[in-house]
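What follows is one structure encoded as structure tokens, with my remarks underneath.
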Amino acid sequence: MSTQKRTIRPELQRENQALNDIYLARKKALKLTQQKIADHMGITAPTVFAYLKGKTPLNIRAATAFASILQVPVSDFSMRIAQEISNAAKSQTAPFNTGNVESAPHPIRSFTYPVIGWDQIGEAMEVVAQYHAGQRDLPSQSSETYAGRQAYWLVVKSDIMVSPSGVSFPEGILILVDPAVKASDEQYVIARLKETGETAFRQLRQDAGQEFLRPLNPAYPIQLKDDRWEIVGTVVAAKYPETIFK
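Per the UniProt record's numbering, the sequence shown runs over residues 1 to 246.
Structure representation (structure tokens):
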């Protein structure tokens with residue numbers, strides 16, 4: 001008995017193709033790989049490949065996860081699912097809808113992470129786990145970036161990462177740190193001096209086989225990242241706290 005290979009409808013494959021095009025266009029800037037996406041979504045890399053290559057049709061859960069990771073609206077690759085999300089939102093808010101306000105075509109999904117102190121970085125994994133288990137009360141902040149269950153916010157405390165031009169992280173800004181992301185050249189990291197526990201927020205630079213911890217403020221020196229230092233997290237997002245506008 002012959003078996004027919006399972007295929008998905010052409011219109012659904014076009015959604016996958018549009019998603020793959022976005023991934024290819026943005027993966028370098030976002031420093032993404034299929035494995036990183038899989039880790040963020042809690043699935044396997046072959047499953048991510050199947051979505052991107054049109055082997056598996058997209059659903060609401062997968063589409064919203066991809067949209068969050070790639071930092072685009074769902075409608076950029078699937079108007080069908082964006083409409084499904086919009087319809088679901090309308091049905092949930094129907095008793096309160098006056099008919100004069102149009103629902104957004106795609107709700108913004110956000111994720112909440114605890115804010116920890118710089119003195120807690122050495123035990124961040126335990127502190128964050130206790131927060132998620134309801135065993136530790138910590139302030140929290142939301143983000144559209146999905147960074148996994150180990151991620152946490154830090155409040156920048158000095159002007160060491162303030163640049164005369166370009167990207168800057170002024171004192172008081174929040175940075176979202178993901179310990180699970182392996183840092184690469186030019187990414188912003190949290191480094192820790194193993195012997196003393198001293199921590200530093202810097203840009204990681206790689207040159208001629210060596211690594212350096214570079215402050216954006218030229219008034220501070222560049223530090224050679226030797227065996228005394230370890231990278232304990234990569235900065236994946238930043239934002240001003242809401243209190244700055246009050």
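For every residue, glycine included, the Cβ atom is placed at its ideal position computed from N, Cα and C.
For residue i, does the three-state DSSP call read helix, strand or coil?
{"i": "residue 248", "result": "Since the displayed the chain opens at 1 and closes at 246, residue 248 lies outside it and no answer follows."}
{"i": "lysine 28", "result": "helix"}
{"i": "lysine 36", "result": "helix"}
{"i": "threonine 234", "result": "strand"}
{"i": "lysine 239", "result": "strand"}
{"i": "aspartate 21", "result": "helix"}
{"i": "tyrosine 51", "result": "helix"}
{"i": "aspartate 226", "result": "coil"}
{"i": "proline 10", "result": "helix"}
{"i": "phenylalanine 169", "result": "coil"}
{"i": "proline 221", "result": "coil"}
{"i": "serine 91", "result": "In this prediction, serine 91 has a pLDDT of 47, which is less than 50 and means its spatial position is unreliable; nothing more can be read from the coordinates."}
{"i": "histidine 106", "result": "Here the model assigns histidine 106 a pLDDT of 47, short of 50, so the residue's position is not dependable, and the following value carries that caveat. Three-state result, histidine 106: coil."}
{"i": "arginine 192", "result": "strand"}
{"i": "threonine 145", "result": "coil"}
{"i": "threonine 56", "result": "coil"}
{"i": "serine 158", "result": "coil"}
{"i": "glutamate 186", "result": "coil"}
Here's a check: name, in chain order, each residue in its chain whose Cβ is nearer than 8 Å to the Cβ of residue i, leaving out the five neighbours to either side.
{"i": "asparagine 100", "result": "In this prediction, asparagine 100 has a pLDDT of 45, which is less than 50 and means its spatial position is unreliable; what the coordinates show is noted afterwards. Hits under 8 Å: none found."}
{"i": "aspartate 39", "result": "Gly148 and Ala180"}
{"i": "glutamine 71", "result": "Arg26, Leu30, Glu144 and Thr145"}
{"i": "valine 167", "result": "Leu216"}
{"i": "glutamate 126", "result": "none"}
{"i": "phenylalanine 169", "result": "Val156, Met161, Val162, Ile175, Tyr188, Phe201, Leu216 and Ala238"}
On a Cα-Cα basis, can you pick out the residue from the options that is closest to residue i?
{"i": "isoleucine 69", "options": "Gly117, Phe111 and Val155", "result": "Phe111"}
{"i": "aspartate 185", "options": "Pro164, Glu211 and Pro170", "result": "Glu211"}
{"i": "aspartate 178", "options": "Trp229, Asp227 and Ile116", "result": "Ile116"}
{"i": "tyrosine 152", "options": "Tyr220, Ala124, Tyr240 and Thr47", "result": "Ala124"}
{"i": "proline 164", "options": "Ile22, Tyr220 and Lys225", "result": "Tyr220"}
{"i": "aspartate 226", "options": "Asn20, Gln206 and Val236", "result": "Gln206"}
{"i": "glutamine 187", "options": "Leu32, Asn16, Ile8 and Asp159", "result": "Leu32"}
{"i": "threonine 234", "options": "Ile160, Tyr240 and Leu204", "result": "Leu204"}
{"i": "methionine 79", "options": "Glu15, Leu24, Trp118 and Ile43", "result": "Glu15"}
{"i": "serine 142", "options": "Gln135, Leu154 and Arg136", "result": "Leu154"}
{"i": "residue 247", "options": "Val236, Ala129 and Gln223", "result": "Past the edges of the chain, shown from 1 to 246, lies residue 247, and the structure says nothing about it."}
{"i": "threonine 56", "options": "Asp76, Leu224 and Pro10", "result": "Pro10"}
{"i": "valine 128", "options": "Asp119, Gln150 and Tyr240", "result": "Gln150"}
{"i": "aspartate 76", "options": "Gln17, Ala208, Asp119 and Ser158", "result": "Gln17"}
{"i": "alanine 208", "options": "Leu224, Gln135 and Lys28", "result": "Leu224"}
Less than 6 Å between C-beta atoms, sequence neighbours within five positions excluded: which residues of the same chain meet that for residue i?
{"i": "alanine 45", "result": "Gln34, Gln35 and Ala38"}
{"i": "serine 140", "result": "Thr112 and Pro114"}
{"i": "isoleucine 160", "result": "Pro215, Asn217 and Tyr220"}
{"i": "valine 48", "result": "Gln34, Ile37 and Ala38"}
So, at 7 Å on beta carbons, what are the nonlocal neighbours of residue i in its own chain, with the 5 sequence-adjacent residues on each side left out?
{"i": "isoleucine 121", "result": "Ile190, Arg192, Thr199 and Val232"}
{"i": "tyrosine 131", "result": "Pro114 and Leu138"}
{"i": "isoleucine 81", "result": "Leu58, Ile60, Ala63 and Val74"}
{"i": "glutamate 84", "result": "Ile60"}
{"i": "glycine 197", "result": "Gly122"}
Does the beta-carbon distance from residue i to residue j come in below 8 Å?
{"i": "isoleucine 175", "j": "alanine 133", "result": "no"}
{"i": "glutamate 242", "j": "lysine 194", "result": "no"}
{"i": "leucine 12", "j": "tyrosine 51", "result": "no"}
{"i": "glycine 172", "j": "valine 162", "result": "no"}
{"i": "alanine 65", "j": "methionine 41", "result": "yes"}
{"i": "glycine 54", "j": "isoleucine 8", "result": "yes"}
Does the beta carbon of residue i sit closer than 8 Å to a beta carbon anywhere in chain B?
{"i": "lysine 53", "result": "The structure shown has no chain B; it contains just one protein chain."}
### Query
When the Cβ atoms of the segment 198-216 are set against those of the segment 48-63, are three or more pairs found closer than 8 Å?
The segment 198-216 vs the segment 48-63: no contact.
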